[in-house]
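Colleague: Take our numbering: the final residue in the sequence shown is number 645, and no numbers are missing along the way. All C-beta atoms in this analysis are idealised placements derived from N, C-alpha and C, irrespective of residue type, glycine included. If you're wondering where the values come from, they're calculated on a predicted model, not measured in any experiment.
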Amino acid sequence: MQLNITYFCFCLSRYDLNVDLLDVHADKSTFHRFDKFNLKYNPCGQSRLREIFLKQDNLIQGRFLGELTKQVFSDLAASKYQMAEYRISIYGRKQSEWDQLASWIVNNELYSENVVWLIQIPRLYNVYKEMGIVTSFQNILDNIFIPLFEVTVDPDSHPQLHVFLKQVVGLDLVDDESKPERRPTKHMPRPDEWTNVFNPAFSYYAYYCYANLYTLNKLRESKGMSTIKFRPHSGEAGDIDHLAATFLTAHNIAHGINLRKSPVLQYLYYLAQIGLAMSPLSNNSLFLDYHRNPFPMFFLRGLNVSLSTDDPLQIHLTKEPLVEEYSIAASVWKLSSCDLCEIARNSVYQSGFSHALKSHWIGKHYYKRGPDGNDIHKTNVPHIRVEFRDTV
């Protein structure tokens with residue numbers, strides 16, 4: 254089917270297309286309505302258009318998405334001082350998903366020194382179970398992790414996946430955290446016994462992803478390969494148990510705004526310096542008004558916070574979404590240049606880029622605590638600020 258025929262089926266012409274008709278931008282109707290926000294992923298409200306332009310496993314092997322991604326890479330390279338960690342989904346419906354994704358990356362030559370990838374796993378077991386795609390939760394775990402173990406043991410078994418994994422730095426869990434869920438108990442069935450239609454709790458997903466990833470990383474370390482960190486979305490909404498689970502399992506998390514409701518967990522995250530990549534503009538469109546966002550409070554208290562974008566196509570208005578986050582935060586919360594430099598330093602520290610690149614950006618001893626780890630010529634953060642963070 255040609256593209257013009259597709260538009261004809263939707264009663265669209267090139268003269269009709271405009272930003273309002275595309276309807277991909279979050280507005281007041283999406284606040285506390287994650288279901289309506291998810292519809293914004295479909296241009297003109299048509300899932301077919303999303304499949305054509307924004308999917309890599311379609312009938313044209315993701316050609317359009319590949320071209321768009323190359324353009325984004327080109328813009329990043331032109332900006333010189335921006336790096337990105339882009340997320341792309343693996344659903345766990347079948348084991349061939351990894352090879353399809355790796356083939357799309359390699360065949361379209363989607364490599365940039367400015368970009369690394371995180372794999373996001375939507376928590377959709379109940380949907381796949383009702384559709385008859387899987388019989389138990391173990392099927393999803395097998396579909397996600399068996400290809401990773403196979404390519405680690407024998408890189409020649411999945412050559413393109415072996416190449417792609419060199420650019421993968423993290424594993425993410427995503428979905429609507431505000432959905433009610435059954436609280437986890439010690440009597441919950443094992444993954445191979447979880448055959449009912451109910452979605453497992455967030456902590457159930459987190460534990461089994463962490464456990465499999467821990468084993469995988471030990472194997473990859475033994476073979477001198479890169480490892481993959483567990484960096485889920487957590488604490489954007491829903492139960493506070495989500496943050497307790499990720500405190501025990503995650504390397505960094507995205508959001509974490511619900512820590513404002515639990516001083517105990519907030520203190521634990523502070524002590525462990527678990528990174529929080531926070532997105533106040535995204536929260537403002539979905540779950541929490543901007544002026545109520547705890548980011549400035551967390552920053553003052555010394556939590557390891559950074560500013561990041563989340564769903565920039567839906568949330569932001571310009572080609573520089575990260576600049577939007579920083580400029581609005583600086584204006585609303587009256588952040589100084591020293592504050593902004595410290596937040597940027599935290600961002601580099603939390604990122605999944607290589608040790609060599611981090612050393613180049615923020616100093617070769619960046620991993621040390623206190624002033625010994627601060628190169629003021631690179632970070633522009635005064636030693637007295639770093640010493641204050643280390644001693645108070």
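Sorted by chain position, which residues of the same chain lie with C-beta nearer than 6 Å to I568's C-beta, five sequence neighbours on each side aside?
Modeller: A279, L534, S535 and S538
Colleague: Which residues in the same chain as V359 place their Cβ atom closer than 7 Å to its Cβ, once the five residues preceding and following it in sequence are excluded?
Modeller: So the list reads Q413, V416 and F417, once near-sequence residues are dropped.
Colleague: Using a Cβ-Cβ cutoff of less than 8 Å, which residues in the same chain neighbour D643 once the five nearest sequence positions on both sides are dropped?
Modeller: R622, G623 and P624
Colleague: So which of A530, A582, I581 and M478 has the shortest CA-CA distance to V234?
Modeller: Outside the displayed range of the chain (254 to 645) lies residue 234, so it cannot be described from this structure.
Colleague: State the beta-bridge partners of R484 as determined by DSSP.
Modeller: Looking at the DSSP assignment, R484 forms no beta bridge with any residue, so it has no partner.
Colleague: Just to confirm, is the Cβ distance from T405 to L466 under 8 Å?
Modeller: no
Colleague: For the 8 Å Cβ check, are there 3 or more pairs between the segment 314-330 and the segment 369-385?
Modeller: no
Colleague: Suppose contacts are defined by Cβ-Cβ distances below 8 Å. Is G423 in contact with L371 by that definition?
Modeller: yes
Colleague: Can you give the Cα-Cα distance for Y378 and K333, rounded to whole angstroms?
Modeller: Going from the Cα of Y378 to the Cα of K333 covers about 41 Å.
Colleague: Could you pull out every residue in the same chain whose Cβ sits closer than 7 Å to the Cβ of L394, ignoring the five residues on either side in sequence?
Modeller: P444, Y461 and N465
Colleague: With a cut-off of 8 Å, do at least 3 Cβ pairs link the segment 426-438 to the segment 491-502?
Modeller: With the cut-off at 8 Å, the segment 426-438 and the segment 491-502 touch.
Colleague: With DSSP run on the structure shown, which of helix, strand or coil describes A507?
Modeller: A507 carries a strand assignment under DSSP once its states are collapsed to helix, strand and coil.
Colleague: Could you check the C-alpha separation between I506 and A454 for me, to the nearest Å?
Modeller: Going from the Cα of I506 to the Cα of A454 covers about 17 Å.
Colleague: Assuming P549 and T562 make a contact with CB atoms under 8 Å, what is their CB distance in whole Å?
Modeller: Between T562 and P549 the Cβ distance is about 18 Å, and since that is not below 8 Å, they are no contact.
Colleague: If you drop the 5 nearest sequence neighbours on each side, which residues of the same chain put their C-beta closer than 7 Å to that of V369?
Modeller: E338, Q420, V422, G605 and F606
Colleague: Can you list the beta strand (DSSP E) stretches of 3 or more residues lying completely in the segment 290-377, in chain order?
Modeller: For the segment 290-377, whole beta strand (DSSP E) runs of length 3 or above, ordered along the chain, are 337-342 and 368-375.
Colleague: Between the alpha carbons of N449 and S389, how many angstroms are there, rounded?
Modeller: About 8 Å.
Colleague: Hey, could you find the ends of the beta strand (DSSP E) M531 is sitting in?
Modeller: G528 to M531
Colleague: Measure the C-alpha to C-alpha separation of D407 and D352 and round it to an integer number of angstroms.
Modeller: 14 Å
Colleague: If you reduce the DSSP assignment to three classes, tell me which class V645 lands in.
Modeller: Coil.
Colleague: Nearest by alpha-carbon distance to L501: which of L518, H544, K476 and F317 is it?
Modeller: Each of L518, H544, K476 and F317 was checked against the Cα of L501, and the nearest Cα belongs to L518.
Colleague: Going by DSSP, what residue range makes up the alpha helix (DSSP H) through V634?
Modeller: Element bounds for V634: n/a, residue is neither H nor E.
Colleague: Can you tell which of G315, I615, S475 and K347 has its C-alpha closest to the C-alpha of E362?
Modeller: G315
Colleague: Quick check on S604: does DSSP put it in helix, strand or coil?
Modeller: Reduced to three states, the DSSP call for S604 is coil.
Colleague: How many angstroms separate the CA atom of L588 from the CA atom of D425?
Modeller: Computed Cα separation, rounded: 30 Å.
Colleague: Would you report the Cα separation of H544 and D328, rounded to the nearest angstrom?
Modeller: 31 Å
Colleague: Excluding the 5 residues preceding and the 5 following T480 in the sequence, name in chain order all residues of the same chain whose CB lies nearer than 7 Å to its CB.
Modeller: N470, R473 and E474
Colleague: Specify the secondary structure class of F261 as computed by DSSP and reduced to three states.
Modeller: Reliability fails at F261, whose pLDDT of 49 lies under 50, so the model's placement of it is uncertain and no value is given.
Colleague: May I ask which residues mark the beginning and end of the alpha helix (DSSP H) holding V517?
Modeller: P516 to A525
Colleague: Please report the straight-line C-alpha distance between A609 and I341, rounded to a whole angstrom.
Modeller: 25 Å
Colleague: Could you name the residues of the same chain whose beta carbon sits closer than 6 Å to that of Y619, not counting the 5 residues immediately before and after it, in chain order?
Modeller: K611 and G626
Colleague: By DSSP's criteria, L426 is part of a beta bridge. Which residues make up the other side?
Modeller: I374
Colleague: Span of the beta strand (DSSP E) holding S479?
Modeller: Where S479 is concerned, there is no enclosing beta strand (DSSP E), given that its DSSP letter is neither H nor E.
Colleague: Answer yes or no: do L512 and P547 have a C-beta to C-beta separation smaller than 8 Å?
Modeller: yes
Colleague: How would you write the range of the alpha helix (DSSP H) that S580 sits in, first residue to last?
Modeller: P574 to V585 is the span of the alpha helix (DSSP H), which, as asked, contains S580.
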